[in-house]
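Read the structure below first, then the notes.
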Amino acid sequence: MNKLQTLMETPTHKIEVPANAIINPKNFLPKISTQAFFRRLTPQERQSLRGNGAAIRDLKEDLDRGDLVELDDTVRQSLTDSGLFTPERVDELMILGESTEGKLR
Amino acid sequence: MSAKTFQSLAGHQGINKLAVDTDYFETRGNLAGQLTTVAAINAVGSLTTVLSLTGKFHIHQLFCTLLSTNDIDHWKLTIDGVIIHEEDGMSSNNTGVGFWGTQDGDWGDHGIICDSSFLLEMECTADNSFSLWYHAQPIL
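Just so you know, the sequences run in chain order A and Z.
Our numbering applies: residue 1 is where the first sequence begins, and numbers increase by one.
Our numbering applies: residue 1001 is where the second sequence begins, and numbers increase by one.
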């Protein structure tokens, strides 16, 4: 088996390419709309997010502008640093698909 | 445009939703900017994993560039554990070999969905630094 490097790994998804390959990360990760992001939050998470605007100011500004939220390291870090989300929960929130959203609706 | 889900647009509750809302497509008129490039792949002499996906994905585009003329010795595509294509040789050139989708990034191509895994393996004669371009969208 050839060695591989992992580009993305969540509890449900994984992408691997040859270990020595050079990756252009531009737009590698999916973006999610702010509306969809908020819909996926539990009521408790939504409330906590509103109450911690300072801790996740950058993200909040994006959200307020209605921009798409890109699942980059900055957003991940902001969400996890806020103490409101585990990295696994961030993955769950950002993945595109019906299950997560449906579960939280 | 308000965020209507594709699910509700389709009036169907069981379909896989490939975007969170219509804005996803509206802001991506040209898919080229969404492609990931994997460069400097060396697949000389042995069947080499070029792209491995685990989970459920919609793969819109998949093509290689920087290949010499007819340098692909062998290639194999396995989806959900089933070899759906395997052959010796494949015509190629340095401008691109499309498995599906095109370099111009047109949404017109529907791509393919894997349910649990996707594996593309290639073997080349001499090319030790070609590029793979793909767009794989995770879905649940």
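We put the beta carbon where it would ideally sit given N, CA and C, even for glycine.
Within chain Z, the C-beta atoms nearer than 9 Å to that of Glu16(A) come from Thr1049, Leu1051, Ser1052, Leu1053, Thr1054, in chain order. In this structure, Ile1041(Z) lies near Ala21(A), with their beta-carbon atoms less than 8 Å apart. The Cβ neighbour count for Thr1054(Z), taken over all protein chains shown within 10 Å, is at least 16; the residue is labelled buried.
Segment contact: the segment 1124-1134 of chain Z against the segment 1061-1079 of chain Z, three or more CB-CB distances shorter than 8 Å; contact assigned.
DSSP places Asp1127(Z) outside any beta strand (DSSP E), giving it a letter other than H or E. Between Leu1062(Z) and Leu1132(Z), the alpha-carbon positions lie close to 7 Å from each other. Counting along the chain, Ile1113(Z) sits inside the beta strand (DSSP E) bounded by residues 1112-1114. A residue is called buried when at least 16 other Cβ atoms come within 10 angstroms of its Cβ; Ser1116(Z) does not meet this threshold and is exposed.
Per the coordinates, the alpha-carbon of Ala19(A) lies some 10 Å from the alpha-carbon of Thr1049(Z).
Here Thr6(A) is exposed, its C-beta having fewer than 16 other C-beta atoms within 10 Å.
DSSP places Leu79(A) within a helical segment (H, G or I) once states are collapsed to three. Taking 8 Å as the threshold, the shortest C-beta distance from Ala1136(Z) to chain A falls below it. Beta-bridge analysis with DSSP links Glu45(A) to no other residue. Short of 6 Å from the beta carbon of Leu93(A), and not among the five residues preceding or following it, lie these beta carbons of its own chain, in chain order: Arg40. With fewer than 16 other Cβ atoms from the protein chains shown falling within 10 Å of its own Cβ, Ile1083(Z) counts as exposed. Under the Cβ criterion of 8 Å, Ile1072(Z) is not counted among the residues facing chain A. Taking a C-beta cut-off of 7 Å against chain A, none of the residues of the segment 1058-1083 of chain Z qualify. Classified as buried, Lys1056(Z) has 16 or more neighbouring CB atoms from the shown chains inside 10 Å of its CB.
According to the DSSP assignment, Ala1040(Z) belongs to the beta strand (DSSP E) that extends over 1036-1041. The C-alpha of Leu84(A) is placed about 37 Å away from the C-alpha of Ala1039(Z).
Of Ser1068(Z), Leu1119(Z), Lys1076(Z), the smallest CA-CA separation from Phe1130(Z) is found for Ser1068(Z).
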